Amino acid sequence: MTAFLLSLVSALEMLSSFTSYLVADYQYVSPQYACFRGENTMGSDERGVRVNADLSMVSAFMCRYASGSTSLPAGVSYACLDTMALKTLAYAVDSHKAVRKTRCGDGRYWGSTSLRDHQWESSLWALSVAYSALFQWDRLPETMKTDIHRLLTAECNYELERNIPTGYRYDTKAEENGWEVGVLAAAIGLFPDDSLATRWYSRMREFVVNSYSHPSDSTDATVITPWFDSATVGDLYRGSNLFSDWTLQNHGFFHTSYQNVVIQELGEAALFLRLASRRHRAPSLLRTTDTTWMLHNCRRVADEVLNWLTLPDGEQAMPNGNDWSLFLYDQVTSYSTLACMLGDDDALLFEREALRQIRRRQQTTGDGSWLLHPDVGARRMGVEAHRVMMTWLMHHVFPTGSRKPTPWKRFLRRYSKAKYFPCQRIVRTLTDRYFACFSFSEGKKSFTGYIEPASGGNMIVPYRKYNTGNIVGYYVIAGRRTNARLIGEPVVTTAGPYFTVSATTAENDSAIVRHFTIRTTAAGMEYTDTVVVVDSTVNVVADRTGMIAVGDDPFTDWARTIRLMPGTTVIGSRMMIKADNDVKATVSDKSTDNSITTVKVYPYALSPQLHHRITYQVLR
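Under the working numbering, the first residue of the sequence shown is numbered 257, with each subsequent residue one higher.
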């Protein structure tokens, strides 16, 4: 089966299973209105509006594109989905500040109308509302179409009045600018004859350029939309949202999820224009079918950053861990955007693998939902369904049937060299045997890494605790806090596919000083250190050096065996941990963090010491 057909069939099958969850989450409000339940059901904030908008959109999508070709689970019908889609859309539209026909459950209205009256992120939710409307447009009453026009015009009023934000340290505006592109595209797509459409288009271009904006954009003389005017990238540039090495930070650290999500946001905006343009004769600003300009710097970010962090199963490594659910594979739509709109066959490979993992995780639940232990409940379900739906649509509008995914071995040859990201102090190794990384995070003041066999399975989980976590671990000292701070600058070197890092940390309120070195080799990773006790009066309670978090739930393989022998630990058949002691490691501290359950392996728990040598050997 071609990559194109696999994507279409797999995505629709998963969305069909998900409709069981949709029906269970649906709530009748009145003969006119209904909503989907969330963390703040019917509330005017993200926890209420976004959930309802996303799930309304998915319901409408299923009726528009799956009816007649895809069977539904027992107890679910397309007639039911049709009613759900229309009534939840009505509630979303009528509770907006620009419409005000009904209030949200908290007595308020949602959305933005101007610079003086705006709500963070409302344009993102408005795009899902617009997609739901687009899928149902032919059967919407004219009064609702008029109200949708009021809603989108109000959201775009705010976009026309505000300044375009930039900034790359700790809190990039790349993602936020990306979702502003979407609402402007929706207004243009649904109402291209509006007197403000030209202004919307002009402002949309500015947000496009200033999503993945890079310092080099300031002097870029490329005319971005020559059919519209002669403005160059440099003319539209307002400031950088990326570091010079093309990385970004959000939530205070290098965050892989936010590094990739802009690709998806820009892709969804371009997709809306293409879908909407099929419905009417477009005026001059939409006559061109070229939307690739809207993916400004997307390919460069993939080539310079994301591809270096992509694993064989389609996961993107998270050197600093994650503060959302782990192993979502929701970057799938970023892959689809690159594959379908930019002809990227590497992305075809990882889209295919990501879809397989999403499906595998969905199969661990009993109600069609996407994952166990979600971080933000129904909101997470809506976002994941949103991603899978967009992947299908990308292939529907931009078919890839004649192309083949890049073979993994060919991709690996191009990305086998060790990579150091100087602006983030992150280094990684990727071989046919394993992936390994280490990060000295400035924002989180965290020094951690992990190693994962290339055979996949999410065996080792990116895990951060206190200021360290995997590999370095930590000490517990009576009467002292468990913490670590970097002394001086780390030394990072690379040679071929391998890296070496050396650093010094002061830990436990400076009671101890640790000098450590980590290097990658053909077999895996080696860790060595020397610990100096600065305060000789302290009592070392526990030595957690060399710790590693091992997945232990239905998705990561809860039946995995961990064999404990003196100085040696074997995890399944894929990793051997050898420590310079003659006692068995301890396996304990089972916990669920970021939706994934882990157990922790502590090689030195029963034999605390001040010198450590440990190897993490990946078995073939």
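All C-beta atoms, glycine included, are put in the ideal place defined by N, C-alpha and C. As the structure is a computational prediction, the values presented were derived from the model and not from experiment.
Shortest Cα-Cα distance from phenylalanine 317 to any of Val789, Thr871, Arg643 involves Arg643. Judged by DSSP secondary structure, methionine 460 falls within the alpha helix (DSSP H) whose first and last residues are 453-465. Note that the C-beta distance between alanine 798 and threonine 854 is not below 8 Å.
Residue burial annotation: glycine 744 is exposed, with fewer than 16 other C-beta atoms found within 10 angstroms of its C-beta. Contact annotation: aspartate 623 and tyrosine 277 have beta-carbon atoms nearer than 8 Å.
Annotated three-state conformation of glutamate 571 is coil, per DSSP.
Nearest to lysine 660 by C-alpha distance, out of Trp626, Cys596, Gly725, is Cys596. In the DSSP assignment, phenylalanine 499 falls outside any beta strand (DSSP E), carrying neither H nor E. For tyrosine 387, the enclosing alpha helix (DSSP H) starts and ends at 378-392.
Our two residues, threonine 760 and aspartate 473, have alpha carbons roughly 38 Å apart in a direct line.
DSSP, read as helix, strand or coil, puts proline 471 in helix. Here the alpha carbons of phenylalanine 391 and threonine 399 stand approximately 17 Å from one another. Under DSSP, tyrosine 860 takes part in no beta bridge, so it has no partner. Of the residues Asp301, Asn850, Leu862, the one whose Cα lies closest to the Cα of aspartate 579 is Asn850. Between valine 437 and leucine 522, the beta carbon gap of about 6 Å places them in contact (Cβ cut-off 8 Å). Distance from tyrosine 365 to arginine 356 at the Cβ level is roughly 6 Å; contact confirmed, criterion being Cβ atoms closer than 8 Å. A Cβ-Cβ distance of about 10 Å is found for the pair alanine 441 and leucine 408, leaving them out of contact under the 8 Å criterion.
In this structure, the straight-line span from the alpha carbon of serine 272 to that of tyrosine 334 is close to 11 Å.
Proximity to valine 305 across Val314, Arg293, Ser315 peaks at Arg293, based on C-alpha coordinates.
Annotation: the continuous alpha helix (DSSP H) that includes serine 592 extends over 588-598. Contact check for cysteine 291 against threonine 358 fails: the beta carbons are separated by 8 Å or more. When rounded, the separation of the alpha-carbon atoms in phenylalanine 772 and alanine 634 is 43 Å.
Excluding five sequence positions before and after threonine 275, the CB atoms of its chain that fall closer than 7 Å to its own CB belong to Met318, Leu328, Pro329, Val332, Leu337, Gly624, given in chain order. Listed in chain order, the non-local C-beta contacts of arginine 455 below 7 Å within the same chain comprise Leu416, local neighbours out to five positions each way being set aside. Per the Cβ contact rule, the segment 696-711 is in contact with the segment 567-579 (3 or more Cβ pairs under 8 Å). Under the three-state reduction of DSSP output, asparagine 837 falls in the coil class, being neither helix nor strand. Runs of the beta strand (DSSP E) spanning 3 or more residues and lying entirely within the segment 711-737 occur at 731-733, in chain order. As DSSP reads the structure, glycine 780 sits in a beta bridge with Gln873.
Judged by DSSP secondary structure, glutamate 763 falls within the beta strand (DSSP E) whose first and last residues are 754-763. With fewer than 16 other Cβ atoms from the protein chains shown falling within 10 Å of its own Cβ, aspartate 485 counts as exposed.
Every alpha helix (DSSP H) of 4 residues or more that sits fully in the segment 488-535 is shown, in chain order, as 489-492, 512-533. Per DSSP, the continuous beta strand (DSSP E) segment holding glutamate 708 begins and ends at 702-709. Looking at Val465, Val518, Ile519, Thr512, the one whose alpha-carbon comes closest to that of glycine 495 is Val465. Bridge partners of tyrosine 289 according to DSSP: none are assigned. Taking the C-beta atoms as reference points, tyrosine 424 is found nearer than 8 Å to glutamine 505. In the DSSP annotation of this structure, aspartate 845 is not part of any alpha helix (DSSP H); the continuous beta strand (DSSP E) holding it starts and ends at 842-849.
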